[in-house]
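As given, the protein sequences belong to chains A and B, one line each in that order.
Note that full-length UniProt numbering has the first sequence beginning at 1, numbered continuously upward.
Note that full-length UniProt numbering has the second sequence beginning at 1, numbered continuously upward.
What follows is a short report on a single structure.
2 protein chains.
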Amino acid sequence: MSQRKAIGDAGRATIRDVAERAGVSVASVSRVLSGNYPVSEELRRRVMKVVRDLDYVTNAHARSLAGGGTPTVAILINNITGAAFAHVAKGVEGAATLRGWLSLVGTTGDDPERELALVNLMRQQGVAAVVLLGGAYDFEEYQLRMARFARSLDAAGSHLVLVGRPPLEGDVPATTVDYDNESGAYAMASHLLSAGHRRVLVLPGPAGLTTAQGRLKGARRAFEAYGVPFDPGLVRHGPYDDEHGYAAVKAALHDTPDFTAVLAGTDVVAAGAMQALRAEGLRVPDDVSIVGYDDIPLASQLTPQLTTVHVPYEEMGRVALRAVADRREGTGPAGRRKGGGDGEHLVLGTHVVVRDSVRPPRRHT
Amino acid sequence: MSQRKAIGDAGRATIRDVAERAGVSVASVSRVLSGNYPVSEELRRRVMKVVRDLDYVTNAHARSLAGGGTPTVAILINNITGAAFAHVAKGVEGAATLRGWLSLVGTTGDDPERELALVNLMRQQGVAAVVLLGGAYDFEEYQLRMARFARSLDAAGSHLVLVGRPPLEGDVPATTVDYDNESGAYAMASHLLSAGHRRVLVLPGPAGLTTAQGRLKGARRAFEAYGVPFDPGLVRHGPYDDEHGYAAVKAALHDTPDFTAVLAGTDVVAAGAMQALRAEGLRVPDDVSIVGYDDIPLASQLTPQLTTVHVPYEEMGRVALRAVADRREGTGPAGRRKGGGDGEHLVLGTHVVVRDSVRPPRRHT
DNA sequence: TTGAAAGCGGTACCAC
DNA sequence: GTGGTACCGCTTTCAA
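This is the structure:
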């Protein structure tokens, strides 16, 4: 009947079209294309020619339905424009690509409902893993919610990976890739203290967010270690954005102007803080020192370049993917019983990057 | 690599499991879940209960094979950590989500081979559209390559969208979403000229990249309009990164130190330039003025805040997705039938955002 | 209203 | 080496 496939939207060419046109069976075409089966040179030539003529590509949906298919990782992120997250995503994507995996990115906008919807969506897609990025509010509910995600994904043959989030308690099938958040803050605060600062304005981030809590805790511990009283009045919580940094410094300058340094929860907050200090005629670091956290490119683009805590975001992404890939290949051929309570928890190190934003206090004692 | 389905109830539940357990037919389950068909309340209840019990979600691959399926857009980006691109991606993603579409992100790392591989991969996935982001090198080859992509995608029922790239010539089925690049540069340069600057160091970006060419051209036109001689010796090409900005300014300070302003190709380049000037003891904007291009968050995080050209990246993303969605629903602007060589080309405006990095020249003439 | 069955595009096992 | 063909999980006629 119809020798030619309609040119327009009549649908893309199928393996059957190729088979017919090459005068071979679909099985043969499949073999040629998969390349994992002995095929005569003649056949391969014939098939490949038609494939090129038709500009044929296999239907990924059909392929994964039938068994094969490209493993896919889903990255769920709050906000794709956040530099730190972007680096994690880059790490995941890069490592995925290296293995021929595909990666999906979805943004949750910090909305739990949307997060749930996305997790389910990814489950439908049959992804090999779902990577959840970024700090979280570790209420009792968080654990329950994540545990549910983990089991749900696990039951579907997928896997949950938490990056930069608190690990799950108990016997939950999820992998956590984390960094030593608290130690980073400890080291950063120590740096300030050893430079002689005693009155430090601390901007940990959103109260309740695990990363902020960890950073605050680390700082506090450093003060203790140095025998310096820690003034809660110098702690101001708020979002991880420059506006908060700006506003917080302005307010502090009004309320408790005797601080000689600012310990910001992120580089972006530090940027805002720097703006505010300058707007008030204060010089950085001559009058006030500032340090950040994250070590995103912004840190070295500011003037003075920001001393901050380096977090290996990109590597975390890579590690996360590797963990998933390994476990996938590690799964025995007989389909080892799942649900094995493997709550793997990987922790990467952080370190202080000293640049130009810290000087010994000078303003006054 | 062949994946074998695990035996037993391991693996994810299927529609058949649900049907069996609810004592109904698969067709009924399908109907309940799709919700686009009259079903008795009793049946719905029974099915939904089992769905919840089993934590069942439909297999997206099977669904799209069978006809249904969630439309998906693929965003192909050079580098996910670029702020400008991230904003476009955010726009696309947001608009996609709004319509219940899914979005995939792939990174090409500026590698043509990888780009090709990704386009084919997306074609396999049967995506509704492939969005290619960012400037390109418009050699003769570019047109051919893109035209091939466009037709290939079109034949598969998909569609190519170019964002921030030169439109395709001739009768090619692709949509281009662009911004008025050259005018932005013209306006930006005019701003400098009207402030009195005459010797301006221009850092357009990579030679050959269309965005860089447009920005340079716009600047040049402004000089002409102002009757100011344009010195090619003050133009330095290079990558869109801060290192180039830094190096270029250092070099210029050595070779042609009489410039009073820097017209950077992007905000990031401007950041690098600013660093270099300061490293040489020059003040911004007192000694040298600087302007950027893009208006990413960095622009307002620098001190002084950067005067730059605002490019509506996020909106471009939104517009791109809308264009695809419309054409898919046949609601296209002109309501034309597909297959027609409709090279839609949408252009968004840009404008100068005046902040604090420009002052009339003072150093000396 | 509900059920049976025919595909959707591929893969892989089984004969020849 | 190749060619049949029985699925994969779901949607959608077509009957009942």
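Idealized CB from N, CA, C, for every residue including glycine.
Quantities reported herein were computed from a predicted structural model and do not represent experimental measurements.
Give me the chain B residues within the contact set of residue i, using Cβ-Cβ distance strictly less than 8 Å, ordered along the chain.
i: A:V352; result: Within 8 Å Cβ-Cβ: nothing; A:V352 doesn't reach chain B, min ~21 Å.
i: A:S64; result: H61
Which chain A residues are close to residue i, counting only those with a beta carbon under 9 Å from its beta carbon?
i: B:M274; result: Q301, T303
i: B:L102; result: L104, G106, L121, Q125
i: B:K90; result: N79, I80, T81, T107
Give the interface partners of residue i over in chain B, defined as CB-CB distance under 9 Å, in chain order.
i: A:E93; result: I80, V105, G106, T107
Can you pull the chain A residues whose beta carbon is under 8 Å from the beta carbon of residue i, in chain order?
i: B:T58; result: Q124
i: B:R278; result: T303
i: B:A248; result: The contacting residues do not exist; B:A248 stays about 15 Å from chain A at best.
Locate the beta strand (DSSP E) running through residue i, then write down its first and last residues.
i: B:L162; result: 160 to 163
i: A:H254; result: Premise fails: A:H254 lies in the alpha helix (DSSP H), 242 to 255, not in any beta strand (DSSP E).
i: A:Y293; result: That residue, A:Y293, is in no beta strand (DSSP E); it is neither H nor E in DSSP.
i: A:V353; result: 351 to 353
i: B:L348; result: 345 to 348
i: A:V309; result: 308 to 310
i: B:L263; result: 261 to 264
i: A:D178; result: 174 to 179
Residues of chain B with CB closer than 7 Å to the CB of residue i, please, in chain order.
i: A:D55; result: S152, A155
i: A:D242; result: Q301
i: A:V159; result: Correcting the residue identity first, residue 159 of chain A is His in this sequence and not Val. The premise fails here: A:H159 is roughly 13 Å from chain B at the closest Cβ pair, so nothing lies under 7 Å.
i: A:A271; result: Q301
What whole-angstrom Cβ distance do residue i and residue j have, given they're in contact under 8 Å?
i: A:D55; j: B:S152; result: 5 Å
i: A:G196; j: A:P361; result: 5 Å
i: B:M316; j: B:V177; result: 5 Å
i: B:V130; j: B:V161; result: 7 Å
i: B:E280; j: B:L253; result: 6 Å
i: B:G134; j: B:F85; result: 6 Å
i: B:Q275; j: B:Y246; result: 5 Å
i: B:A323; j: B:L346; result: 7 Å
i: A:T350; j: A:Y179; result: 5 Å
i: B:T81; j: A:A83; result: 7 Å
i: A:V249; j: A:L277; result: 6 Å
i: B:S34; j: B:G126; result: The Cβ separation is near 19 Å, so there is no contact.
i: A:A60; j: B:R12; result: Actually they do not touch by this definition, with Cβ atoms about 18 Å apart.
Assuming residue i is part of the alpha helix (DSSP H), what are its boundary residues?
i: A:H61; result: 60 to 65
i: A:L33; result: 26 to 34
i: A:L76; result: Segment 72 to 77 is the beta strand (DSSP E) holding A:L76; no alpha helix (DSSP H) there.
i: B:A13; result: Looking at the DSSP string, B:A13 is not in any alpha helix (DSSP H), and its letter there is neither H nor E.
i: B:Y313; result: 313 to 328
i: A:V39; result: Unbroken run through A:V39: none, as it is neither H nor E.
i: B:L277; result: 267 to 279
Under 7 Å Cβ-Cβ, which residues of chain A neighbour residue i?
i: B:R12; result: A155, A156, G157
i: B:A86; result: I80, T81, A86
i: B:L298; result: L298, Q301
Three Cβ pairs or more, each shorter than 8 Å: is that satisfied between the stretch 16 to 28 of chain B and the stretch 199 to 217 of chain A? no
Would you call the stretch 154 to 174 of chain A in contact with the stretch 238 to 249 of chain A, where contact means no fewer than 3 C-beta pairs closer than 8 Å? no
Quick one: which unbroken beta strand (DSSP E) runs of 3-plus residues sit fully inside the stretch 97 to 159 of chain A? Chain order, please. 102 to 107, 129 to 133
Give, in chain order, every unbroken run of the beta strand (DSSP E) that is at least 3 residues long and sits entirely within the stretch 184 to 224 of chain B. 200 to 203
Cβ contact (3+ pairs, closer than 8 Å) linking the stretch 64 to 74 of chain B and the stretch 35 to 55 of chain B: no
Using 8 Å as the threshold, is the stretch 97 to 114 of chain B in touch with the stretch 284 to 296 of chain B, meaning 3 or more CB pairs across them? no
Inspect the CB distances between the stretch 119 to 126 of chain A and the stretch 83 to 91 of chain A and report whether three or more fall short of 8 Å. no
Would you be able to state if there are at least three C-beta pairs under 8 Å between the stretch 347 to 360 of chain B and the stretch 294 to 308 of chain B? yes
Would you check if there are 3 or more beta carbon pairs closer than 8 Å linking the stretch 256 to 270 of chain A to the stretch 202 to 210 of chain A? yes
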